[in-house]
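Chains as they are written, first to last, in full-length UniProt numbering: chain A, 1 to 148; chain B, 1 to 148. Note that beta-carbon positions come from the ideal geometry of N, C-alpha and C, so glycine has one too. Every value quoted in this text rests on a predicted model; they were computed, and no experiment measured them. Quick notes on the structure that follows.
There are 2 protein chains.
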Amino acid sequence: MPHAEAPRWTTYANERLASEGFRRGGGRAAVIDLLDSQECALSAQEIEDQLRSGERKVGRATVYRVLDELVELGLLNKVEIGDGVARFEAAFPEGADHHHHFVCSNCGKLIPFEDDELERALRRVARREGLVMESHEVTLRGRCPDCD
Amino acid sequence: MPHAEAPRWTTYANERLASEGFRRGGGRAAVIDLLDSQECALSAQEIEDQLRSGERKVGRATVYRVLDELVELGLLNKVEIGDGVARFEAAFPEGADHHHHFVCSNCGKLIPFEDDELERALRRVARREGLVMESHEVTLRGRCPDCD
DNA sequence: TGCTTAACGAGACTGAGTCCCGATATTGTC
DNA sequence: GACAATATCGGGACTCAGTCTCGTTAAGCA
Ligand SMILES: [Zn+2]
Ligand SMILES: [Zn+2]
Ligand SMILES: [Zn+2]
Ligand SMILES: [Zn+2]
């Protein structure tokens, strides 16, 4: 949920891509627009299907290619909740809108959450172990309020 | 790294399986013994290969079946570092030997670490969000000391 | 010893993700 | 605008972790 006054992720992503020397291709633009309109993570299959059913057809190879590029540039977070399907969601600069996920082991619902202390603890660990942290993932599993 | 005086994980796992009414099968025993001798996580493929090259052959179906059972019983932790391969490692009761992983984005090395404050932060988040946490995974990504 | 049924394993199958390679579109230059 | 250079795209074959089926083996028990 970006702040109302913050620029759209699409804008940020496109600027970044331009500055990295990428050309502007229709397939990539379609994937970016779709991801920008999402609340939380989407799988490659979901992206492919939604684009196929829309007016802008995009091949599977392109979807995966674009997702890889964006993850590589840090414009996208790859979320893996353990069901064998990778999901992707927009990542804002400076860690804005940075969050993690809770997965209900009963109904499968994906609930996002954020916590500063958790983030601090992670940074502290990395420093203590002498590791240069580039990214991290946290997944909590259990019962959601509905299923408890 | 279990404490020297602590019982072997094999023992603990077998007792638990017995108390749950499982019969003692050769395939399951082989998988358990192999996992007990490991320092950190092993993939299903690695387990299958190591058992196949040893004297105790175990079919793939059995390996996956046993791993699922053990994860279900909380005797095993499923570790997914994002390369499309699930790994498994012994889980001790009471969270003893509980740890998480750092993955080097350059050389792929898997480095285990533990941190009480991180664990506390996770429990706090779950409570605040009204979620009943059954398990969790944390993966840090970046450069290890060797590759930095 | 004999019965019941859990445990096992060969191998077919599924599906996410990868690759190849020819077709198409973008950008810079003239 | 035309053209060359090359980034982008996509159909479809392919890989391979993980799943399923079903007939066989063997643990537990009376
Ligand atoms: Zn999310
Ligand atoms: Zn739920
Ligand atoms: Zn480990
Ligand atoms: Zn490294």
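| message | For residue 111(A), tell me which candidate among 105(A), 18(A), 101(A) has the shortest Cα-Cα distance. | response | 101(A)
| query | How many Å lie between residue 29(A) and residue 92(B) at the Cα? | reply | 48 Å
| query | In chain B, which residues lie with their C-beta within 8 Å of the C-beta of residue 80(A)? | reply | 80, 82
| Under 8 Å Cβ-Cβ, which residues of chain B neighbour residue 126(A)? | 102, 140, 142
| said: How far does the alpha helix (DSSP H) with residue 24(B) in it extend, from its first residue to its last? | reply: Run containing residue 24(B): none; DSSP gives neither H nor E here.
| request: Would you kindly report the start and end of the unbroken beta strand (DSSP E) that includes residue 132(B)? | output: 132-143
| Which stretch, first to last residue, makes up the alpha helix (DSSP H) that contains residue 13(B)? | 9-19
| field | Where the beta strand (DSSP E) containing residue 79(B) begins and where it ends | value | 76-80
| For the stretch 28-57 of chain B, which residues have a beta carbon sitting closer than 7 Å to at least one beta carbon of chain A? | none
| Contact check, residue 126(B) vs residue 117(A) under 8 Å by CB: the rounded distance? | With a Cβ gap of about 13 Å, residue 126(B) and residue 117(A) do not count as contacting.
| Nearest-angstrom Cα distance between residue 52(A) and residue 43(B)? | 35 Å
| To which residues does DSSP link residue 42(B) through a beta bridge? | 88(B)
| Name the chain B residues whose beta carbon is nearer than 8 Å to that of residue 136(A)? | 138, 139, 140, 141
| With 8 Å set as the bound, which would you pick, yes or no: does the beta-carbon of residue 131(A) sit closer than that to a beta-carbon of chain B? | yes
| said: Counting only beta-carbon separations shorter than 8 Å, does residue 2(B) have a partner in chain A? | reply: Unreliable positioning characterises residue 2(B) in this predicted model, as indicated by a pLDDT of 49, which lies under 50. The coordinate reading is nonetheless provided below. Chain A contact via Cβ: absent.
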